[in-house]
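As structure tokens, the structure follows; a few thoughts come after it.
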Amino acid sequence: MSHDRINSYQPFSTPDRHIASQFLEFLESLKEEFCRIHKKNRTIAAQITEMKRNIAKQKLLSFIGRYKKG
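Each residue of the sequence shown is one higher than the one before, starting from 1 at the first, in our numbering.
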């Protein structure tokens, strides 16, 4: 490789830079989508936990009601 070619060497050609840029944009959109899904999953998990608490509370109150009667 001549000295001139070494000095003008660029690791990526312009089309490669464009592809790399598009790929980075794609990765960023994936990251945003995963964050959105994760947030939605956490919301659903919190709702399920709350429903389980309510069911447990209802069962406990029902048990106490039967215990007082019996």
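Note that beta-carbon positions come from the ideal geometry of N, C-alpha and C, so glycine has one too. Keep in mind the model is a prediction, meaning the values are calculated, not measured.
Worksheet item: Looking only at its own chain, which residues have a Cβ that is under 8 Å from the Cβ of ILE64, when we skip the five neighbours before and after it?
Response: Within the sequence shown, residue 64 is the residue found at index 64, counting from 1. Around ILE64: no qualifying Cβ.
Worksheet item: In the structure shown, what three-state DSSP assignment does SER62 receive?
Response: Taking the first residue of the sequence shown as position 1, residue 62 is located at position 62. Helix.
Worksheet item: What is the DSSP secondary structure of ASN13, reduced to helix, strand or coil?
Response: The residue given as residue 13 occupies position 13 in the sequence shown. Checking the displayed sequence, the identity of residue 13 turns out to be Ser instead of Asn. SER13 falls in the coil class under three-state DSSP.
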